[in-house]
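Protein chains in written order, with UniProt numbering: chain A, 1 to 538; chain B, 1 to 361.
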């Protein structure tokens, strides 16, 4: 219990740090992390602190107008659906947030202890999870968009004619919704999914997920990563995100809502019963404003979500023909069973390399201790829930470096018997000692070389954690990277800002490799949070 | 495990409370007002928040502050904190009175709203063509509970009903999207009505009745998967063009929407089906403190407040003529006289909650 609680706290800290980053706030002082004070915002009158789904970043103009009209400002902290459920159910969200605004509360409601913490759930807008397909792929498949079913998508994937990107269902609601849709379509389930349905669909689901070439911890980053890669045929995402990509980036995707059913996000703005009464009053004012005709019109026209107010027309481009709504599982065992099955059996396995700075400076401020604890956290415990430890079939490599690569330590988590590999990783983590300089680029090269030698049919990724500036030259790495075969260039580097690391240097690496930068300079727990969040991208 | 679940549930019900601070501000009249605090079913939230209602109450010397709770859970709240309770049906009233220590209090029943099933034209046509419903004209009709429940008991799929093939959205098991019967009044009353039909048209009143009807109740509830906490969610989904083909709602939601004169597209394809068996159960005002003693009859009798209740789609006490007159231009959707509808009583709270628990298990 305490492990879980600690993990939630750390994730919370990381989420806050990330929110601060995204909103351009300067709540975290990189130079002097203060372990006693998490960067947590206090309640202020007229400000609503909201735990929210990350794709709501596109609501900024609407929220600005809401502030002008109601005086209520909104402070959004991004989170995944399951993580939010954990924070609310465990009580960690009490007093820290006034409201939650997720794509869906369905998973959260499966936790009985969460329900007493929610009030005034008001759906604000809706968007189904759909499939965006490139024109070439559509022509190749000869599809009529209005007739495509999830079964047809499966057949195209199984025949090797279609590849796609999708978010990690354990971290992101669009991926979870897609998983439910496909499992419903392929099992022939006629009502809410049961364990038996999931079992029936398993062989086909495995073939289906062999076609997933891109994963992500959030719907927003998935869209960015997809745009950078030209070799993935389709993208599973909210209809709103796909249409926005067409408008903003001329993505040219044909948006398909499969004929056999969709799972729709309704974005219920939900107050927490623990919030101060002033905050609840603010929440109510905001809800009223967002439900009004003016805001509903702005929402659909700017974000391509569907309005929920009678009399407001959906934006042009939103098809009017109806789809069956596929039910969300009604019990937690079914929902969790589906997620566990995806994580440990259905998805392509991961090959993950941790390039770890263990230079002499890691001794300062017990940075090495924090690294030990952050990595140990990822190995979970014997009965870790889905997403709380390295996955079955995952190949995990620790590559500690100083002046040069010190060791290359690889373990594969065995399905049904994860204990030995997890223990071995924990022991390797304990053996990491701070000593030597900071050869970032040479070590990254070694990581790419390591990944180049093994199973190519896996999600490969590199996590780079460094607390200082590199001692070797970026130019060498750039030319090495330029010379890699295309398949290897697709391995992204997720870099973690920590200690005195150089933001510019790390941004350069993540931009070059199509990865993403994570900020762990927010004090105690932020490194754990960053490592935990990166799991969604691996 | 059951036991823990029960406790968790109690906590959950207790927690479903919202503070709705009302009125006050610049509208405050010069005369001295009484501030009364009440706990209400969420379906009346919009009514009490309407600025015209706030003003009408202030004119009579009241500032009313409300919190919302599931009607079937009010007896578990700290009722000492409130001057009145106003559940969405009469059944919970005795439990509320007992819990508040005001047994035999002078309750009033200011208004009523029957449950309806909203369907889109495609779905309604398929139901009618297969003998599960009848329609009078384009926008209203009757859901035939006997045939409908028989179909549910047999796990009938839309694709087994003739005429459904033309409509992509009509596949999968036929069900009515309800709210959670353990926390929400509409979901609970739906079980009250369906269990009556399944129990040879008598109110379920004992364990034998529960045993007899529980399997069907499970079929009605479990197929839906995750359940919504209030009728607002599925209703909004319906309006936004997504969601299930058959939605359980209060007549007041429909009548209120119609009176707001929405764009034609929204209500053109809407068919309002009145289940042929419905629970006749008025919203019941339970005064807890002396301060609120007169408020119930004010809500029930004040002409202005009655008119405003109608605007929010409710039927005031003995107010069928007012309701009919106000909704005359929307008569095509409504059945003000409840012609052809059998009105039945609900089981006791205890029995109904036992049924709801079985249905969800």
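Every residue gets a Cβ at the ideal spot worked out from N, C-alpha and C, and that includes glycine.
What do you get for residue 493 of chain A, buried or exposed, if any count of 16 or more other CB atoms within 10 angstroms of its CB means buried?
Taking the first residue of the first chain as 1, we reach residue 493 of chain A at position 493. Classification of residue 493 of chain A: buried, given that the 10 Å Cβ count is 16 or more.
Reference residue 213 of chain B; option with closest CA among B:60, B:351, B:74
By one-based count along the second chain, residue 213 of chain B stands at place 213. Among B:60, B:351, B:74, the Cα nearest to that of residue 213 of chain B is on B:351.
Buried or exposed by the 16-neighbour rule on C-beta atoms within 10 Å, applied to residue 349 of chain A
In the first chain, counting from the first residue as 1, residue 349 of chain A sits at position 349. With 16 or more other CB atoms across the displayed protein chains lying within 10 angstroms of its CB, residue 349 of chain A is buried.
Interface flag, residue 109 of chain B vs chain A, CB-CB below 9 Å
Here residue 109 of chain B is taken as the residue at index 109 of the second chain, counted from 1. Chain A contact via Cβ: absent.
Quick check on the burial criterion: 16 or more other C-beta atoms within 10 angstroms. Buried or exposed for residue 261 of chain B?
Position 261 of the second chain holds residue 261 of chain B. Exposed is the label assigned to residue 261 of chain B, since fewer than 16 other Cβ atoms lie within 10 Å of its Cβ.
Does the distance from the C-beta atom of residue 121 of chain B to that of residue 272 of chain B stay below 9 Å?
For the purposes of this step, residue 121 of chain B is taken as the residue at position 121 of the second chain. For the purposes of this step, residue 272 of chain B is taken as the residue at position 272 of the second chain. With contacts defined by Cβ atoms closer than 9 Å, residue 121 of chain B and residue 272 of chain B do not form a contacting pair.
Taking 9 Å as the threshold (beta carbon to beta carbon), is residue 311 of chain B in contact with chain A?
Working through the second chain from its first residue, we reach residue 311 of chain B at position 311. At a cut-off of 9 Å between beta carbons, residue 311 of chain B makes no contact with chain A.
Establish whether the CB of residue 122 of chain B and some CB of chain A are separated by less than 9 Å.
What you label residue 122 of chain B is simply residue 122 of the second chain in a count that begins at 1. Taking Cβ atoms only, chain A reaches closer than 9 Å to residue 122 of chain B, which makes this a yes.
Mind checking if residue 230 of chain B is an interface residue toward chain A, Cβ cutoff 9 Å exclusive?
Here the question's residue 230 of chain B lines up with position 230 in the second chain. For residue 230 of chain B, the answer is yes, since a Cβ of chain A falls inside 9 Å of its Cβ.
Amino acids of chain A, ordered along the chain, whose beta-carbon sits closer than 8 Å to that of residue 116 of chain B:
For the purposes of this step, residue 116 of chain B is identified with residue 116 of the second chain, where counting begins at 1. For residue 116 of chain B, none of the residues of chain A pass the 8 Å Cβ criterion, the least Cβ distance being about 16 Å.
Within-9 Å CB hit, residue 106 of chain A to chain B
Residue mapping note: residue 106 of chain A aligns to position 106 of the first chain, counting from 1. Yes, residue 106 of chain A lies at the interface with chain B (some Cβ there is under 9 Å from its Cβ).
Burial state of residue 335 of chain B, where buried means 16 or more other Cβ atoms lie within 10 Å:
Reading the second chain from its first residue, position 335 is the one you call residue 335 of chain B. Its Cβ being crowded by 16 or more others within 10 Å, residue 335 of chain B is buried.
Where does residue 143 of chain A fall in DSSP's three states?
For this step, residue 143 of chain A is matched to residue 143 along the first chain. In this structure, residue 143 of chain A counts as coil in the three-state DSSP scheme.
Can you find a CB in chain B that lies within less than 9 Å of the CB of residue 534 of chain A?
Reading the first chain from its first residue, position 534 is the one you call residue 534 of chain A. Under the 9 Å criterion on CB atoms, residue 534 of chain A is classed as non-interfacial with respect to chain B.
Own chain residues within Cβ distance below 7 Å of residue 356 of chain B, not counting five before or after:
Here residue 356 of chain B refers to the residue found at position 356 of the second chain. The answer, listed in chain order, is 181, 182, 188, 191.
Return yes when at least one heavy atom of the ligand NAD lies under 8 Å from the C-beta of residue 337 of chain B, else no.
Within the structure as shown, the ligand NAD is missing, as the structure has no ligands at all.
Would residue 60 of chain A pass as a contact of residue 269 of chain A if the rule is Cβ separation under 9 Å?
Looking up residue 60 of chain A in the first chain gives position 60. Looking up residue 269 of chain A in the first chain gives position 269. At a Cβ-Cβ threshold of 9 Å, residue 60 of chain A and residue 269 of chain A do not count as neighbours.
Mind checking which residues open and close the alpha helix (DSSP H) that includes residue 343 of chain B?
Taking the first residue of the second chain as position 1, residue 343 of chain B is located at position 343. For residue 343 of chain B, no alpha helix (DSSP H) segment is defined; the enclosing uninterrupted segment is the beta strand (DSSP E) at 342-344.
Using a C-beta to C-beta distance shorter than 9 Å, which residues of chain B count as neighbours of residue 372 of chain A?
Locating residue 372 of chain A in the first chain gives position 372, counting from the first residue. Going along chain B, no residue has its Cβ under 9 Å from residue 372 of chain A, so there is no contact; the nearest lies around 37 Å.
Amino acids of chain B, ordered along the chain, whose beta-carbon sits closer than 8 Å to that of residue 328 of chain A:
The residue labelled residue 328 of chain A in the question sits at position 328 within the first chain. Ordered by position in chain B, the residues that pass the 8 Å Cβ test against residue 328 of chain A are 225, 226.
Where the segment 233-256 of chain B meets chain A: residues whose CB sits under 7 Å from a CB there:
Residues 233, 236, 237, 239, 240, 241, 242, 243, 244.
Other residues of its chain near residue 510 of chain A: CB distance less than 8 Å, five sequence neighbours each side excluded
Sequence index remark: in the first chain, residue 510 of chain A carries index 510 (1-based). Cβ neighbours of residue 510 of chain A beyond the five flanking positions: 492, 493, 494, 495, 516, 517.
For the segment 451-512 of chain A, which segments carrying the alpha helix (DSSP H) assignment without a break, of at least 4 residues, lie completely within its bounds, in sequence order?
The segment 451-512 of chain A contains these whole alpha helix (DSSP H) runs: 474-482, 486-489.
The segment 73-104 of chain A: which residues have C-beta closer than 9 Å to a C-beta of chain B, in chain order?
Within the segment 73-104 of chain A, the residues whose Cβ lies closer than 9 Å to some Cβ of chain B are 104, listed in chain order.
In chain A, which residues lie with their C-beta within 8 Å of the C-beta of residue 222 of chain B?
Working through the second chain from its first residue, we reach residue 222 of chain B at position 222. Near residue 222 of chain B (Cβ distances below 8 Å), the residues of chain A are 191, 192, 330.
Residue 362 of chain A, enclosing beta strand (DSSP E) - first and last residue
Along the first chain, one-based indexing puts residue 362 of chain A at 362. That residue, residue 362 of chain A, is in no beta strand (DSSP E); it is neither H nor E in DSSP.
Contact belief for residue 170 of chain A with residue 343 of chain A at Cβ below 8 Å, rounded distance in angstroms:
For the purposes of this step, residue 170 of chain A is taken as residue 170 along the first chain, with counting starting at 1. For the purposes of this step, residue 343 of chain A is taken as residue 343 along the first chain, with counting starting at 1. About 6 Å; that satisfies the 8 Å criterion.
Using only the alpha-carbon positions, how far apart do residue 24 of chain A and residue 43 of chain A sit?
Counting from one through the first chain, the residue named residue 24 of chain A turns up at place 24. Counting from one through the first chain, the residue named residue 43 of chain A turns up at place 43. Caution is warranted here: a pLDDT of 34 is assigned to residue 24 of chain A, below 50, making its placement in the model unreliable, and no coordinate value can be reported.
Could you tell me which whole beta strand (DSSP E) segments of length 3 or greater appear in the segment 94-135 of chain B?
Those beta strand (DSSP E) runs which fall completely within the segment 94-135 of chain B and span 3+ residues are 108-112, 115-120.
Would you tell me roughly how many angstroms separate the C-alpha atoms of residue 527 of chain A and residue 498 of chain A, rounded to the nearest one?
The count along the first chain starts at 1 and reaches residue 527 of chain A at position 527. The count along the first chain starts at 1 and reaches residue 498 of chain A at position 498. Looking at the two C-alpha atoms, the distance is approximately 7 Å.
Grab the span of the beta strand (DSSP E) containing residue 286 of chain B for me, first residue to last.
By one-based count along the second chain, residue 286 of chain B stands at place 286. Taken as a continuous stretch (DSSP letters only), the beta strand (DSSP E) holding residue 286 of chain B covers 283-287.
Residue 238 of chain B to residue 460 of chain A, Cα distance in whole Å?
Taking the first residue of the second chain as 1, we reach residue 238 of chain B at position 238. Taking the first residue of the first chain as 1, we reach residue 460 of chain A at position 460. Residue 238 of chain B and residue 460 of chain A have their alpha carbons spaced roughly 43 Å apart.
Endpoints, alpha helix (DSSP H) assigned at residue 34 of chain B
Numbered from 1 along the second chain, position 34 holds the residue referred to as residue 34 of chain B. Residue 34 of chain B -> not in any alpha helix (DSSP H); beta strand (DSSP E) instead, spanning 34-40.
Any idea which residues DSSP pairs residue 312 of chain A with across the strands?
Here residue 312 of chain A corresponds to residue number 312 of the first chain, with the count starting at 1. Beta-bridge partners assigned by DSSP to residue 312 of chain A: none are found.
Coil, strand or helix - residue 47 of chain B by DSSP
As a position in the second chain, residue 47 of chain B is number 47, starting the count at 1. Correct three-state label for residue 47 of chain B: helix.
Start-end ranges of the beta strand (DSSP E) lying completely within the segment 107-175 of chain A, minimum 3 residues
Along the segment 107-175 of chain A, the beta strand (DSSP E) occurs as fully enclosed runs of 3 or more residues at 118-123, 125-133, listed in sequence order.
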